[in-house]
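Chemist:
In this note's numbering, the protein residues as written are 87 to 431.
(1) In three-state terms, what does DSSP make of residue 279?
(2) Taking only the alpha-carbon atoms, compute the straight-line gap between residue 357 and residue 96 and give it to the nearest angstrom.
(3) Tell me the rounded alpha-carbon separation between residue 182 and residue 200.
(4) Check this for me: beta carbons of residue 140 and residue 101, under 8 angstroms apart or not?
(5) List the endpoints of the continuous alpha helix (DSSP H) containing residue 197.
(6) In whole angstroms, give me the CA-to-CA distance for residue 238 and residue 291.
(7) What residues match up with residue 112 in a beta bridge as DSSP calls it?
(8) Can you tell me whether residue 114 is buried or exposed? The criterion is at least 16 other CB atoms within 10 Å of its CB, across all chains shown.
(9) Count the C-beta pairs between the stretch 257-274 and the stretch 142-150 that are closer than 8 angstroms, then say yes if the count reaches three, no if not.
(10) With distances taken from CA atoms, which of 209, 197, 150, 288 is nearest residue 157?
(11) In the DSSP output, what is residue 156 paired with across the bridge?
(12) Starting from residue 297 and walking both ways along the alpha helix (DSSP H), at which residues does that stretch end?
(13) For residue 161, name the three-state secondary structure that DSSP assigns.
(14) Evaluate residue 103 with the Cβ neighbour count: other Cβ atoms within 10 Å of its Cβ, from every protein chain shown; 16 or more gives buried, anything less gives exposed.
Written out as structure tokens, the structure is:
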């Protein structure tokens, strides 16, 4: 029996999750029209579920989203606020239908049924699982209708990593997401890949730009950026992402190969953050929780029941990262095999 998904403790005011989901059989089914629709639906359910997509990247057989989830409020929204949220997500027609249904049940005295309808909408808010479920199910319905197919579209359930919101780790996770098209050799500059958060921000997207500004502020930790926040984030992307090498024929390689990485480790060296982020770093998808030692340990204490009695603390140092200017990064899981792999991104 698999365990329930690891989530932030209920007292945390805001939680961040890096989520990844792949197409079944990892087949390349998401073309331009599919990616456009996915982003459209993502923004729709972002409004409905009252979360914020910090950044994202939609590729041909999988997607990444970095999502901010506020804590569920103690006082849940009333009927008018729920209808406002529904309208912001789905438009006036849907809000009118929900209102008509509620008024019908109220008119005949079926208040329990009316309250159940409202609770159904409220239960989809402030919850990462409901956001991902709603997005994936709605996209599958659209995809199956368009391609005249039936059955599941996604491989297993999505994977999620709880990310610390302060300091460099949030910005590094965002950069990892936005650098996906560079790692996959789809673009040499993430601004040129249409279906990622950074490209949308550069193109003037308000929601995407607010996500970029959020992670830039987190990385600055109170310091003032030399230029704008968008420019600062671009500098981070190129600082952490530009490590292309040239082979014997003069062609640029898109990322560091695993063979070279393991050779460096055997020699006692470390990869820089820049080199590491150009690889597929499994910590960002399989680490369960990533952040500072204190953050990971605090989550470990709230989830102590998940681990055996011999384990005394939660934080495990993330292998392969320098600890110069950046804080020591830790993970809840100690990944010992294929930290930078497998190759398929």
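We put the beta carbon where it would ideally sit given N, CA and C, even for glycine.
Modeler: On the basis of the coordinates in this document:
(1) coil
(2) Residue placement at residue 357 is flagged as unreliable, the pLDDT there being 48, under the threshold of 50; a coordinate-derived value is accordingly withheld.
(3) 15 angstroms
(4) no
(5) 197-208
(6) 32 angstroms
(7) Residue 112 is not bridged to any residue.
(8) exposed
(9) yes
(10) 209
(11) 100
(12) 292-306
(13) coil
(14) buried
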